[in-house]
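Engineer: First residue of the sequence shown: 11, per this note's numbering; consecutive thereafter.
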Amino acid sequence: MSTEHVEIERKFEAEESFALPDLGDLAAVAAPEEQTLEATYYDTPDLRLLRSRVTLRRRTGGADAGWHVKLPASAGARRELHQPPGRAARTAPKAVVAPVLGLLGTATTAPVATIRTRRLVHRLLDDAGRVLAEVADDAVLGTALPPDPGEPATVTSWREVEVELVDGDEALLDAVTERLVAAGARVSTVPSKVGRVLDGRLPAPAAPADTPSDEPAPGKKGRKAPVRSAGDVVLGAVATQLTALRRADLAVRTGQPEGVHDLRVACRRLRSILAAFRPVLAREHTDPLRDELRWVGAQLSGARDTEVALEHLRELVAAQPPELVLGPVATRLQQTEARDHQAGGRRVTRTLTDRRYLQLLDALDALLADPPVTELAAAPAHPQLADAVRRTGKRLRRTVRTAREAEGADRHAALHEVRKAAKRVRYTAEVAESEFGEPAAALVACTKRVQDVLGAAQDTVVTRDTTVRVGRAAFAAGENAWTYGRLHGLEEARADAAEAEFWTLEPDLRRAVKAVASLA
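1. Going by DSSP in three states, Phe512 sits in which element: helix, strand or coil?
2. With a threshold of 16 other CB atoms inside 10 Å of the CB of Asp209, please say whether the residue is buried or exposed.
3. Per DSSP, Gly76 forms a beta bridge with which residues?
4. I'd like the list of long-range same chain contacts for His392, defined as Cβ closer than 6 Å, with 5 residues on each side in sequence excluded.
5. Just mark Glu225 as buried or exposed, buried being the case when its beta carbon has 16 or more other beta carbons within 10 Å.
6. Evaluate contact between the segment 71–79 and the segment 91–107, counting only Cβ atoms and requiring at least three cross-stretch pairs below 8 Å.
7. Given a threshold of 16 other Cβ atoms within 10 Å of its Cβ, counted over all protein chains shown, does Arg128 qualify as buried or as exposed?
8. Give the single residue among Val141, Tyr437, Glu188 whose Cα lies nearest to the Cα of Leu175.
9. If contacts are defined as beta-carbon pairs under 8 Å, then Gly112 and Leu362 qualify, I think. What distance do you get, rounded to the angstrom?
10. Check Ser528 in the structure and name its three-state DSSP category.
11. What number of angstroms, rounded off, separates the C-alpha of Ala38 from the C-alpha of Ala192?
12. Between which two residues does the beta strand (DSSP E) carrying Ser167 extend?
13. Given His15, which residues of its chain have a CB within under 7 Å of its CB, disregarding the five upstream and five downstream residues?
14. Which runs of the alpha helix (DSSP H) at least 4 residues long sit entirely within the segment 435–518? Give them in chain order.
15. State the start and end residues of the unbroken beta strand (DSSP E) segment that holds Asp148.
16. Could you pull the start and end residues of the alpha helix (DSSP H) that Ile283 belongs to?
17. Expressed to the nearest angstrom, what Euclidean distance is found between the alpha-carbon atoms of Glu7 and Ala40?
18. Give me the residue from Arg238, Ala240, Arg211, Gln468 with the minimum Cα distance to Thr123.
19. When the Cα atoms are used, what is the spatial distance from Val107 to Thr296?
20. How close, in whole Å, do the beta carbons of Arg206 and Val200 come, if the pair is a contact with beta carbons under 8 Å?
21. Roughly how many angstroms separate the alpha carbons of Ala525 and Ser84, rounded to a whole number?
22. Which class does Arg314 belong to by DSSP, given the choice of helix, strand or coil?
23. At a cut of 8 Å, does the segment 421–439 reach the segment 463–472 through at least three beta carbon pairs?
24. Hey, which unbroken runs of the alpha helix (DSSP H) at 4 residues or more fall wholly within the segment 347–399?
25. Under three-state DSSP, which class holds Glu333?
26. Below 8 Å on the Cβ atoms is my contact criterion, and I expect Thr44 with Thr70 to pass it. Report the Cβ-Cβ distance as a whole number of Å.
27. For the pair the segment 344–352 and the segment 313–329, tell me if three or more CB-CB distances fall below 8 Å.
28. Determine the DSSP secondary structure at Pro298, reduced to helix, strand or coil.
29. When we look at the beta-carbon of Glu161 and count the other beta-carbons within 10 Å, is it buried (16 or more) or exposed?
30. CB Leu395 to CB Ala442, shorter than 7 Å?
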């Protein structure tokens, strides 16, 4: 069974001669406790976990022996998942790697390093004996295991001090930090022990582009700004969205809010980028990826859409005059939401553990490792970005014309296509924003407004279907279904208002697209 711990700590480097300063005026200090900790770290041969700032280890010794998965830091804290140690294994158990499966893809983990730590723990206590913080003085011996048979292991030793809050506050953490630095400790630049041990195997940061252009860089008179190639800009955008996809995947697997939504958005953005920049990345390689990204989005859509619809309907019921809510409407909606949430959760889990999904992640990694670029990838980014906006804008204009001529249900469907086309323009403009500045930013803002307005209209399609489904179930159970009909009517009115607002925005949208497309 997995448990979770939120870790708020700071790490410091120290020389062998470093002496821990007196902390007795900050809090009572318990007698030090000596511990011997031994840990084996697991990762893929290319260190996928470590490159994502995740560590996976099996540790013996100390109060928290077992399997630990440390997730990336957020707001100064790291989430740490614990499981019992079980038996030592060549590969980490499935239950242990489940939260980080999206980082691994189809790859398996194996030991990459071992770390032995002789630790002296100094606990800072309040007047009641409650532990406020732990100061760990560590003598560390790390061994980087050879990636290939026959190669030698690499051994590293150093001294480190860690300060972890338990029941104390940030003020205490700051005070201890100040005291340690004054005594000669240095704030560590390496986020983890295993990161230090395996530092030589991590890829070096990419060098910045330095090809000069004919124009000065903004704010640097006489200094030429680098001209980025279309391939650099597009591949940078793909890499950014793949990182966002994996971050969302991790959020879903660890039960974080909005994880499914963020995962769907990352899939949509990747699909749009690959479609809009077919002249830069060969479509025979990217079209199959777009199909797989579409499959992921479709698998996740039901869970998210129904959840949003039922939440909206419950809020709508709460806002109604009591005399217009006939029967246990709120209770039935809440029960439906709970059932649908469980069913949707099972579908999400099946999708994210499906080998098809994991192979997609591998394929996206391969795309970045060996990009299928065309001849245009080496060309300056500016004209290619403007052309992409022009082409996606042309597609948007066609869908708008179709929607203007459509009627009734066909019009609702046509406006949904307008929304999807506006999303593609937005995501293309986001890629172009670093090159075009304010015109692209204005286009992003305008398409976002259109997306929100038409999104509200599309949401009503799901809410209206839901009122019919739940209303029929209520009627079959002998309940008064009148209120569900009222909710359906209110959602029809919301759709009509959203559509009217879109037609008010449409001229601004047309002008915003033209402003960027004309920059080619």
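Where a beta carbon is used, it is the ideal one built from N, C-alpha and C, also for glycine.
This one's a predicted model, so the numbers in the text were calculated from it and none came from an experiment.
Structural biologist: For this structure:
1. helix
2. exposed
3. Arg69
4. Glu445
5. Unreliable placement is indicated for Glu225, whose pLDDT of 41 sits below 50; the coordinate value is still reported in the next sentence. Looking at its Cβ environment, which holds fewer than 16 other Cβ atoms inside 10 Å, Glu225 is exposed.
6. yes
7. exposed
8. Val141
9. 7 Å
10. coil
11. 20 Å
12. 164–175
13. Glu90, His92
14. 448–486
15. 141–154
16. 269–286
17. With the chain represented from 11 up to 530, any question about residue 7 goes unanswered, as that position is not in the structure.
18. The sequence shown places Ala at residue 123, not Thr. It is Arg211.
19. 29 Å
20. 5 Å
21. 38 Å
22. helix
23. yes
24. 365–379
25. helix
26. What sits at residue 44 in the sequence shown is Glu, not Thr. The pair is not a contact, with the Cβ atoms about 15 Å apart (cut-off 8 Å).
27. yes
28. helix
29. exposed
30. yes
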